[in-house]
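Peer 1: The structure's right below; bear with me while I get my questions together.
2 protein chains.
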Amino acid sequence: MNNFIFQNPTRLIFGKGMIAQLPNEIPAEKNIMITFGGGSVKKNGIYDQVMEALKGYKTTEFWGIEPNPSIETLRKAIELGKEKKIDFLLAVGGGSVLDGTKLISAGLLYDGDAWDLVKKGSSTETIPMGTVLTIPATGSEMNNGAVISRHETSEKYPFYSCYPVFSILDPTVTFSLPPYQIACGMADTFVHVMEQYMTKTNQSRVMDRWAEGILMMLTTIAPLIKENPQDYDLMSQFMLGATMGLNGFIGMGVPQDWATHMIGHELTALKGITHGASLAIVYPGMLRTLFEKKHDKLLQYGERVWGISTGLPDSRAHMAIDKTEEFFRSLGLATHLSEAGIGDDVIDEIERRFNERHAAYGEDGDVTGAVARQILLNCK
Amino acid sequence: MNNFIFQNPTRLIFGKGMIAQLPNEIPAEKNIMITFGGGSVKKNGIYDQVMEALKGYKTTEFWGIEPNPSIETLRKAIELGKEKKIDFLLAVGGGSVLDGTKLISAGLLYDGDAWDLVKKGSSTETIPMGTVLTIPATGSEMNNGAVISRHETSEKYPFYSCYPVFSILDPTVTFSLPPYQIACGMADTFVHVMEQYMTKTNQSRVMDRWAEGILMMLTTIAPLIKENPQDYDLMSQFMLGATMGLNGFIGMGVPQDWATHMIGHELTALKGITHGASLAIVYPGMLRTLFEKKHDKLLQYGERVWGISTGLPDSRAHMAIDKTEEFFRSLGLATHLSEAGIGDDVIDEIERRFNERHAAYGEDGDVTGAVARQILLNCK
């Protein structure tokens, strides 16, 4: 096991009706900016619940944080927030609204252009933020990470700042999600777990079991949720699992990969592919490309998550990859670049970008531009 | 899944050599009281490492916090701390030193006798404390719980106050632990997990898998550690697992039991049985007494943790209990009251105490004095 330091201060407030707890979590004197996405929260009643809970608070609304939140939009929020002297942020939405609000949180205390902060990669000077999560997927509700895009140049980078002070997760808010968003959220959660798990064997027995536990939960509930997307218990399992998939709890002392995410971010930046969908395309090809180095962990994964216990080792490891791809397909997601209309020009550009920034991703830092090309060729 | 609120602010600093990180964690101006147990840390080098790291700090040492820390001892520490105007506590030891220091932390800000706080059950007004853990067992390093004894009256009660600001876990400090302490620590961790898991089925898929993951880790490494008590990797797994067993991570949204702990505390208070050893005696008898209500979860536990998948349900559930008892015995621990020289007078007294305080423990609040008697009769 590697040495590590772990801390996660976010207060998780979970369950039906918990949005009404907002006044217990935000001091009465705070001047709040509430950030939103496109407006679905007005249709499903979440907006009304939030505003009802915040009666008596001084609030400013900022609407329009889009999927893959852009610096272009966030600059406007930061400008408004400075003008209104905002000292608390409440993000109401999915991972994109939460991610964007993390940059706003840092941008409000920064004099220059917030894109500087994204290029720097992190900022610890932030104003406090809370969240009301509406889509289980990114884990942003209980970590300090964000991913920010710049439309102008088709760039997309990770950015680290504050942990939310609190996050409210009411599974009933997911009842109105379109099936495609649920599918992408499941793929996102699945690959978050895999990025922290599918590396080397014999690192941490507990972390391995915990990662496998989330994966098994997902593969079991996915077909059930397809039939019953408004089942409170099933959506609770999914919502809690998505948060646990990327809050550091399964990453203690273990090597981590994240190459698939870095390639997926480029597909989103260049072609607008939804984040979870980009991972479903890249992940099976990544496993096939790095088959040798991930061989032993593939055997463990295949046996524990998919019950693959007979056959020659190579055949079992391949079967584990096939099962993974089948899982994504069962969600209704594409698993090939061609299905998403992505051609060689994109592969060339991703290799070029990786080379330009001397990319060295993956648990051993050996996923370079050339390896990324190979992975993408295996995703065609 | 039940509604819940989860937050755990403790900073976990894990790995070989991490004691040297102390100066990064305690502000230079702090006036620190360092609390210790009986002196083993002077023999195994931990004392020297701590004092080396704290060179330049203003420190006061308090020695002699005993196993099952007593109010009688802790009053002296509180008196000394007030006199020295201590504003930071560093507990260096096992769960007892940590638990005792949690009461000191509250007692330093309380004008009356600290036993009032124990009787009240909790106190949120505390001065900050950090820990250097030397025995994996109680989980006190990453939760806000403590158990405090009063020798004068043979009483022992839970008490809740502060989470440690940080806890340093260096697995090498466990290399000099006597086998009996390791065995008791393993039983303690095992039962902590069971108290949060062995209740009802279909509550939380992820929490169930996580609990089972810690149990499987323990049952796998226990025989290996017996052979290799100085194996860094094995002791890392144990140390991390013990912390994860009682820091709230596996208790989100699930019903919890804790009846065995309440009975075990009485055995310790009345007869001085080591905490982990008391749990090994009570737990199998508790399962046999409450066999019907825990039947379905016993089947799940038996199959997933012990691989019991054939036979009639009742026989499988009984086999799961037998396996649990065998596990405790494999650690070298007694599993019957008679082996510990405990007779009917103690059973009578525990029933009397439970009745006096209108005890209603367990996940359904139905473990009364009469049920506790039945459990203890099944432990004879």
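Protein chains in written order, with my numbering: chain A, 1 to 380; chain B, 1001 to 1380. We put the beta carbon where it would ideally sit given N, CA and C, even for glycine. This one's a predicted model, so the numbers in the text were calculated from it and none came from an experiment.
For a contact meaning CB atoms closer than 7 Å, what does Asn1003 of chain B contact in chain A?
Peer 2: Here residue 1003 of chain B refers to the residue found at position 3 of the second sequence. By Cβ distance, chain A contributes Phe14, Gly15, Lys16 and Met18.
Peer 1: Could you tell me which residues DSSP pairs with Val1173 of chain B in its beta bridges?
Peer 2: Indexing the second sequence from 1 puts residue 1173 of chain B at position 173. Bridge partners of Val1173 of chain B: none, in fact.
Peer 1: Give the interface partners of Thr220 of chain A over in chain B, defined as CB-CB distance under 8 Å, in chain order.
Peer 2: For the purposes of this step, residue 220 of chain A is taken as the residue at position 220 of the first sequence. Those within 8 Å of Thr220 of chain A in chain B are Arg1205.
Peer 1: Give me the chain A residues within the contact set of Phe1249 of chain B, using Cβ-Cβ distance strictly less than 9 Å, ordered along the chain.
Peer 2: Within the second sequence, numbered from 1, the residue matching residue 1249 of chain B stands at position 249. Simply Trp210, Met244 and Phe249.
Peer 1: Could you spell out the range, first to last residue, of the beta strand (DSSP E) harbouring Leu89 of chain A?
Peer 2: Counting from 1 along the first sequence, the entry for residue 89 of chain A is found at position 89. First-last of the beta strand (DSSP E) with Leu89 of chain A: Phe88 to Gly93.
Peer 1: Taking CB distances under 8 Å as the criterion, tell me whether Asp233 of chain A reaches chain B.
Peer 2: Reading the first sequence from its first residue, position 233 is the one you call residue 233 of chain A. It does: the Cβ of Asp233 of chain A has a partner Cβ on chain B nearer than 8 Å.
Peer 1: Tell me the DSSP secondary structure of Gly37 of chain A in three-state form.
Peer 2: Reading the first sequence from its first residue, position 37 is the one you call residue 37 of chain A. The answer is coil: DSSP assigns Gly37 of chain A none of H, G, I, E or B.
Peer 1: What separation, rounded to the nearest whole angstrom, lies between the Cα atoms of Lys1030 of chain B and Met1244 of chain B?
Peer 2: Your numbering for residue 1030 of chain B matches position 30 in the second sequence. Your numbering for residue 1244 of chain B matches position 244 in the second sequence. Taking the straight line joining both Cα atoms gives about 29 Å.
Peer 1: Cβ atoms of Thr1060 of chain B and Met1018 of chain B: under 8 Å apart, would you say?
Peer 2: Counting from one through the second sequence, the residue named residue 1018 of chain B turns up at place 18. Counting from one through the second sequence, the residue named residue 1060 of chain B turns up at place 60. Cβ distance not < 8 Å, so Met1018 of chain B and Thr1060 of chain B don't count as in contact.
Peer 1: Output yes or no for whether 8 Å exceeds the beta carbon distance between Ala1187 of chain B and Gly1093 of chain B.
Peer 2: What you label residue 1187 of chain B is simply residue 187 of the second sequence in a count that begins at 1. What you label residue 1093 of chain B is simply residue 93 of the second sequence in a count that begins at 1. For Ala1187 of chain B and Gly1093 of chain B, no; Cβs fall outside 8 Å.
Peer 1: Scan the stretch 77-149 of chain A and note each continuous beta strand (DSSP E) run of 3 residues or more that stays entirely inside, going in chain order.
Peer 2: Correct list: 88-93 and 129-133.
Peer 1: In the structure shown, what three-state DSSP assignment does Arg1304 of chain B receive?
Peer 2: To locate residue 1304 of chain B, count along the second sequence from 1; it is residue 304. DSSP places Arg1304 of chain B in helix when its eight states are reduced to three.
Peer 1: Contact between the stretch 251-261 of chain A and the stretch 273-291 of chain A is defined here as three or more beta-carbon pairs at a separation below 8 Å; is this criterion met?
Peer 2: Yes: the two stretches touch, three or more of their Cβ pairs being nearer than 8 Å.
Peer 1: Output needed for Gly145 of chain A: all residues of its chain with C-beta closer than 7 Å, excluding positions within five of it in sequence on either side, in chain order.
Peer 2: Position 145 of the first sequence, counted from the start, is the residue given in the question as residue 145 of chain A. Excluding residues within five positions, the ones whose Cβ falls inside 7 Å are Pro158 and Tyr160.
Peer 1: Going along chain A, which residues have a C-beta under 7 Å from Phe1354 of chain B?
Peer 2: Position 354 of the second sequence, counted from the start, is the residue given in the question as residue 1354 of chain B. Here the premise fails: no neighbours, minimum Cβ distance about 32 Å.
Peer 1: Going by beta carbon distance, what residues of the same chain come within less than 7 Å of Phe1386 of chain B, once the five residues before and after it are set aside?
Peer 2: Residue 1386 of chain B is absent from the structure shown; chain B starts at 1001 and stops at 1380.
Peer 1: Could you check whether Val1132 of chain B and Gln1203 of chain B sit closer than 8 Å to each other, using their CB atoms as the reference points?
Peer 2: Counting from one through the second sequence, the residue named residue 1203 of chain B turns up at place 203. Counting from one through the second sequence, the residue named residue 1132 of chain B turns up at place 132. The answer is no: Cβ separation not under 8 Å.
Peer 1: From A:Gly37, A:Thr101, A:Ser96 and A:Glu351, pick the residue whose C-alpha is nearest to that of Asp87 of chain A; which is it?
Peer 2: Within the first sequence, residue 87 of chain A is the residue found at index 87, counting from 1. Nearest option by C-alpha distance: A:Thr101.
Peer 1: Write down the C-beta distance between Leu1169 of chain B and Glu1195 of chain B rounded to the nearest angstrom, noting that I regard them as a contact closer than 8 Å.
Peer 2: Here residue 1169 of chain B refers to the residue found at position 169 of the second sequence. Here residue 1195 of chain B refers to the residue found at position 195 of the second sequence. Not really, about 22 Å apart at Cβ, beyond 8 Å.
Peer 1: Listed from N- to C-terminal order along the chain, which residues in the stretch 1298-1320 of chain B have their beta-carbon within a distance smaller than 9 Å of any beta-carbon of chain A?
Peer 2: Result list empty, no residue passes.
Peer 1: Comparing C-alpha positions only, which one of A:Asp344, A:Arg205, A:Arg352 and A:Ile375 sits nearest to Gln300 of chain A?
Peer 2: Walking along the first sequence from the start, residue 300 of chain A turns up at place 300. The option with the nearest alpha carbon to Gln300 of chain A is A:Arg205.
Peer 1: Look at the alpha carbon of Asp348 of chain A and the alpha carbon of Pro1128 of chain B, and state the distance between them as a whole number of angstroms.
Peer 2: Looking up residue 348 of chain A in the first sequence gives position 348. Looking up residue 1128 of chain B in the second sequence gives position 128. Computed Cα separation, rounded: 55 Å.
Peer 1: Could you pull the DSSP bridge partners for Pro1229 of chain B from this structure?
Peer 2: Residue 1229 of chain B sits at position 229 when you count from the first residue of the second sequence. Looking at the DSSP assignment, Pro1229 of chain B forms no beta bridge with any residue, so it has no partner.
Peer 1: Would you call the CB atoms of Asn24 of chain A and Phe1014 of chain B closer than 8 Å?
Peer 2: In the first sequence, the residue the question calls residue 24 of chain A occupies position 24. In the second sequence, the residue the question calls residue 1014 of chain B occupies position 14. Not a contact, by the Cβ cut-off of 8 Å.
Peer 1: Does the Cβ of Pro1136 of chain B have 16 or more other Cβ atoms within 10 Å, making it buried, or fewer, making it exposed?
Peer 2: Indexing the second sequence from 1 puts residue 1136 of chain B at position 136. Pro1136 of chain B comes out buried.
Peer 1: Excluding the five sequence neighbours on either side, which residues of its own chain have a C-beta within less than 6 Å of the C-beta of Gly1095 of chain B, listed in chain order?
Peer 2: For the purposes of this step, residue 1095 of chain B is taken as residue 95 along the second sequence, with counting starting at 1. Cβ within range, chain order: Ala1137, Thr1138 and Ser1140.
Peer 1: State the start and end residues of the unbroken beta strand (DSSP E) segment that holds Phe62 of chain A.
Peer 2: For the purposes of this step, residue 62 of chain A is taken as residue 62 along the first sequence, with counting starting at 1. Phe62 of chain A -> beta strand (DSSP E) spans Lys58 to Phe62.
Peer 1: Tell me whether Gln49 of chain A is buried or exposed, calling it buried when 16 or more other Cβ atoms sit within 10 Å of its Cβ.
Peer 2: Reading the first sequence from its first residue, position 49 is the one you call residue 49 of chain A. Looking at its Cβ environment, which holds 16 or more other Cβ atoms inside 10 Å, Gln49 of chain A is buried.
Peer 1: Output the distance between the C-alpha atoms of Gly264 of chain A and Arg1304 of chain B, rounded to the nearest integer angstrom.
Peer 2: Here residue 264 of chain A refers to the residue found at position 264 of the first sequence. Here residue 1304 of chain B refers to the residue found at position 304 of the second sequence. Looking at the two C-alpha atoms, the distance is approximately 35 Å.
Peer 1: How big is the Cα-Cα spacing for Lys1119 of chain B and Gly1185 of chain B?
Peer 2: Working through the second sequence from its first residue, we reach residue 1119 of chain B at position 119. Working through the second sequence from its first residue, we reach residue 1185 of chain B at position 185. Going from the Cα of Lys1119 of chain B to the Cα of Gly1185 of chain B covers about 27 Å.
Peer 1: My guess is that Ile1214 of chain B and Leu1234 of chain B are in contact by the Cβ rule of under 8 Å, so how many angstroms apart are they, rounded?
Peer 2: Mapped onto the second sequence, residue 1214 of chain B falls at position 214. Mapped onto the second sequence, residue 1234 of chain B falls at position 234. Rounded, the Cβ-Cβ distance is 15 Å, inconsistent with contact.
Peer 1: Would you say Gln1007 of chain B reaches chain A, if we count a Cβ-Cβ gap shorter than 8 Å as a contact?
Peer 2: Along the second sequence, read from residue 1 onward, the residue named residue 1007 of chain B stands at position 7. With 8 Å as the cut-off, Gln1007 of chain B counts as an interface residue toward chain A.
Peer 1: Determine, for Ser1236 of chain B, whether the minimum Cβ-Cβ distance to residues of chain A falls below 8 Å.
Peer 2: Within the second sequence, the letter at position 236 stands for residue 1236 of chain B. Yes, Ser1236 of chain B counts as interfacial toward chain A.
Peer 1: Out of B:Asp1111, B:Ala1106, B:Trp1115 and B:Tyr1057, which one is the CA nearest neighbour of Ser972 of chain B?
Peer 2: The structure shown has nothing for residue 972 of chain B, since chain B only spans 1001 to 1380.
Peer 1: So what's Ile273 of chain A in DSSP terms, helix, strand or just coil?
Peer 2: Sequence index remark: in the first sequence, residue 273 of chain A carries index 273 (1-based). Three-state DSSP puts Ile273 of chain A in coil, outside helix and strand.
Peer 1: In the structure shown, what three-state DSSP assignment does Asn31 of chain A receive?
Peer 2: The sequence position of residue 31 of chain A within the first sequence is 31, counting from 1. In this structure, Asn31 of chain A counts as strand in the three-state DSSP scheme.
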